[in-house]
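Below is one structure, written out as structure tokens; the observations come after it.
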Amino acid sequence: MTTLRLILGDQLDHEMASLRDVDAARDVVMLCEVAAETGYVKHHKKKIAFLFSAMRHFAAELAGRGLNVRYTRLDDAGNVGSFTGEVARAVKETGATRIVTVFPGEYRVLGEMKGWAAALGVPVDIREDDRFLTTPAAFAGWAHGRKSLRMEFFYREMRRQYNVLMNGHEPEGGEWNYDAENRKFPPDGGLFIPRPSWTEPDEVTREVMALVAARFDDHFGDVEPFYFAVTRAQALEVLEKFITERLPLFGDYQDAMVQGQPWMYHSHISFYLNCGLLRPLEVVQAAEAAYRAGKAPLNAAEGFIRQVMGWREYVRGVYWLRMPEYVEENFLQAKRKLPWFYWDTQTDMNCLRQCVIETRQNAYAHHIQRLMVLGNFALLAGIDPAQVNEWYLIVYADAYEWVELPNVSGMILFADGGYLASKPYAAGGAYIDKMSDYCKNCSYNVKEKTGATACPFNYLYWDFMIRNREKLGNNPRLGMTYRTLDAMEATKIGDIQESSRNFLKDL
Ligand SMILES: Cc1cc2nc3c(=O)[nH]c(=O)nc-3n(C[C@H](O)[C@H](O)[C@H](O)COP(=O)(O)OP(=O)(O)OC[C@H]3O[C@@H](n4cnc5c(N)ncnc54)[C@H](O)[C@@H]3O)c2cc1C
Ligand code: SF4
5 MTTLRLILGD QLDHEMASLR DVDAARDVVM LCEVAAETGY VKHHKKKIAF
55 LFSAMRHFAA ELAGRGLNVR YTRLDDAGNV GSFTGEVARA VKETGATRIV
105 TVFPGEYRVL GEMKGWAAAL GVPVDIREDD RFLTTPAAFA GWAHGRKSLR
155 MEFFYREMRR QYNVLMNGHE PEGGEWNYDA ENRKFPPDGG LFIPRPSWTE
205 PDEVTREVMA LVAARFDDHF GDVEPFYFAV TRAQALEVLE KFITERLPLF
255 GDYQDAMVQG QPWMYHSHIS FYLNCGLLRP LEVVQAAEAA YRAGKAPLNA
305 AEGFIRQVMG WREYVRGVYW LRMPEYVEEN FLQAKRKLPW FYWDTQTDMN
355 CLRQCVIETR QNAYAHHIQR LMVLGNFALL AGIDPAQVNE WYLIVYADAY
405 EWVELPNVSG MILFADGGYL ASKPYAAGGA YIDKMSDYCK NCSYNVKEKT
455 GATACPFNYL YWDFMIRNRE KLGNNPRLGM TYRTLDAMEA TKIGDIQESS
505 RNFLKDL
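Numbering-wise (my numbering), the sequence shown opens with residue 5 and increments by one.
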């Protein structure tokens with residue numbers, strides 16, 4: 005009796021629930037590169053190269069463990085190009101009488117999996133993805149009866165549950181959250197920012213890069229230079245380097261953006277966490293251990309742990325709770341098309357230009373670039389959530405729908421009407437000026453509020469508040485904003501609206 009064990013490209017962990025009871029003598033472990041997944045959105049070239057290389061390395065490791073591995077490459081003859089087609093082919097060819105797999109990261113793929121038992125006539129065991137620190141069911145239990153959710157309360161539960169940064173029943177240091185200490189900008193004269201981890205591509209990666217160049221040349225982004233880790237051993241090295249070299253200043257400069265410094269003090273591990281090469285609990289424990297050993301301050305360790313135990317788990321919970329409706333949400337009825345500069349970088353707005361250039365090079369931008377520059381602009385300009393979601397899903401190597409969609413629709417676009425975040429993360433140019441050095445090199449003037457040379461964020465911010473007053477005017481966290489607006493002279497409001505109209509018509 006053969007069991008077919010399907011491992012998806014973001015399940016590259018030897019401890020996967022689908023592998024735990026594997027019978028090396030009889031079972032077949034299958035992985036497949038399928039055109040349906042590379043083509044349903046046109047992923048960044050680096051993202052495809054990274055995932056295919058990591059999959060091929062993982063398959064070789066499984067074979068090294070003595071398992072019977074069935075690996076289908078994208079260009080193999082007979083590859084039918086979809087999970088369903090490949091699973092059907094494998095069942096037929098191996099005579100498997102059962103399929104075992106783990107919950108996927110996308111609702112769409114779960115829908116496919118649910119159809120397999122009836123279509124193929126074999127039972128399908130879809131197991132919980134216990135790499136995560138909470139399950140969709142447990143999250144739904146926590147959320148039950150709450151009209152709107154708040155990450156902070158969920159995060160505290162997780163800290164208690166896993167006994168992380170706790171001092172008995174109290175949070176370490178007396179506070180749950182040290183964010184107020186995490187908003188510094190590097191001093192004049194700059195800072196020493198360690199070089200990011202760099203893994204030289206091996207033969208397997210080079211082969212995949214050639215495939216990407218040949219098959220996906222019209223996709224966004226640069227495949228060269230390629231420096232991502234593609235095995236667990238390499239990803240563990242990235243984690244260790246982060247903990248020793250970057251974590252101590254992670255908190256202080258978490259929100260800072262410096263031109264020419266895409267990596268700052270961030271960890272750059274989302275790619276590895278999301279595809280299974282690293283596990284969330286081990287990265288959380290590594291950060292806590294560094295703090296307990298006196299090697300990182302509390303604001304840094306807590307800030308990092310909150311991202312992984314808090315935000316990462318929280319957005320996944322929201323995704324599974326609110327799908328499939330979540331993908332359709334458009335509370336603010338935003339309809340504008342995504343401006344072309346999100347692809348070709350051609351804009352005079354230096355902050356946006358820098359963030360898109362770095363995204364194109366690295367398939368990475370750090371959180372504040374995604375949130376307060378690229379996202380803030382999409383929110384203020386009223387870009388259609390479907391187009392913004394597609395862009396984010398394409399361009400980042402860590403993007404999977406379960407994490408991308410809530411961050412985009414919930415966090416940046418307020419498309420869910422405030423379910424995930426209590427207010428829109430809208431800001432004028434002053435925020436970007438405070439947290440970056442982009443404005444120094446911009447053709448717009450961040451100090452000017454309206455007119456042809458004024459920073460567009462300044463007038464678009466107020467125009468956004470005016471346009472959406474009906475929907476946002478009663479939000480208690482925007483009370484001060486609307487009081488300021490009410491105190492504005494009519495001529496000033498007229499100037500804001502005119503500048504916005506002129507700018508938006510040329511987008
Ligand atoms: C609009 C938008 C889209 C995003 N899309 C994605 C995405 O597709 N995939 C993705 O993994 N993250 C996404 N994020 C969250 C965050 O920006 C990235 O996780 C982070 O930039 C990855 O870089 P890092 O590993 O250096 O993170 P660090 O800043 O070092 O943070 C550590 C880890 O915390 C986790 N984390 C931090 N913030 C979040 C968050 N808001 N949601 C989920 N996890 C978080 C990540 O696993 C990250 O690796 C998005 C954020 C925004 C605002
Ligand atoms: S002036 Fe405005 S558009 Fe230019 S970099 Fe600063 S915030 Fe961005």
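Every residue gets a Cβ at the ideal spot worked out from N, C-alpha and C, and that includes glycine.
Report the three-state DSSP secondary structure of residue i (helix, strand or coil).
i	result
N472	coil
E132	coil
N186	coil
Y75	strand
A567	Any property of residue 567 remains undetermined from this structure, which presents the chain solely from 5 to 511.
T203	coil
M20	coil
S447	coil
S426	coil
A431	coil
Thinking C-alpha only, which one of the options is nearest residue i?
i	options	result
P389	H47, A419, D192 and L153	A419
E362	E333, M261, G455 and P284	M261
M5	G307, I500, T101 and A401	T101
A94	D192, I247, W120 and N380	W120
A430	C443, N472, V407 and A456	N472
M20	A297, F232, C279 and G422	C279
R481	P175, D79 and P428	P428
I500	K46, T454, L511 and E116	T454
T58	M34, E41 and D14	It should be pointed out that residue 58 corresponds to Ala in this sequence rather than to Thr. Answer by Cα proximity: D14.
Y269	V242, S503, P229 and L281	V242
R154	K49, E286 and G422	G422
K188	Q373, M439 and P252	M439
A369	A239, D206, E333 and Q258	Q258
A144	F54, R326, H47 and Y486	R326
N462	D441, D437, M484 and E474	D437
G109	G432, W406 and E502	W406
Y111	K339, D490, Y330 and T485	Y330
K509	R210, G386 and T209	G386
Q373	Q265, R24 and L251	Q265
Which stretch, first to last residue, makes up the beta strand (DSSP E) that contains residue i?
i	result
M34	V32 to C36
V91	Element bounds for V91: not the beta strand (DSSP E) but the alpha helix (DSSP H), F87 to T98.
V106	R102 to V106
Pull up the CB-CB distance for residue i and residue j, whole angstroms please, since I reckon it's below 8 Å.
i	j	result
N303	N186	6 Å
V399	V412	Between V412 and V399 the Cβ distance is about 11 Å, and since that is not below 8 Å, they are no contact.
V227	M213	5 Å
E37	R77	6 Å
P410	Y323	5 Å
E317	M162	6 Å
G314	F158	7 Å
E292	I309	7 Å
K475	L336	6 Å
Where does the unbroken alpha helix (DSSP H) through residue i begin, and where does it stop?
i	result
R60	K49 to G68
L10	From DSSP, L10 is part of no alpha helix (DSSP H) but of the beta strand (DSSP E) over T7 to L10.
T209	E207 to R219
I500	A494 to K509
I197	Note, I197: premise wrong, no alpha helix (DSSP H); not H, not E.
E241	R236 to K245
W180	Counting along the chain, W180 falls outside any alpha helix (DSSP H), and DSSP gives it neither H nor E.
A142	P140 to A147
M261	Here M261 belongs to no alpha helix (DSSP H), and DSSP marks it neither H nor E.
E41	A39 to G43
R487	G483 to D490
V407	E405 to L409
P127	Counting along the chain, P127 falls outside any alpha helix (DSSP H), and DSSP gives it neither H nor E.
F254	L251 to F254
Point to revise | Those runs of the alpha helix (DSSP H) which lie wholly inside the region 366-403 and span at least 4 residues | key: 380-385 and 389-399
Write down every uninterrupted run of the alpha helix (DSSP H) in the region 267-355 whose length is 4 residues or greater and which is fully enclosed by it, in chain order.
274-279, 284-296, 302-309, 317-326 and 345-348
Residue ranges of each alpha helix (DSSP H) within the region 149-176, 4 or longer = 155-166
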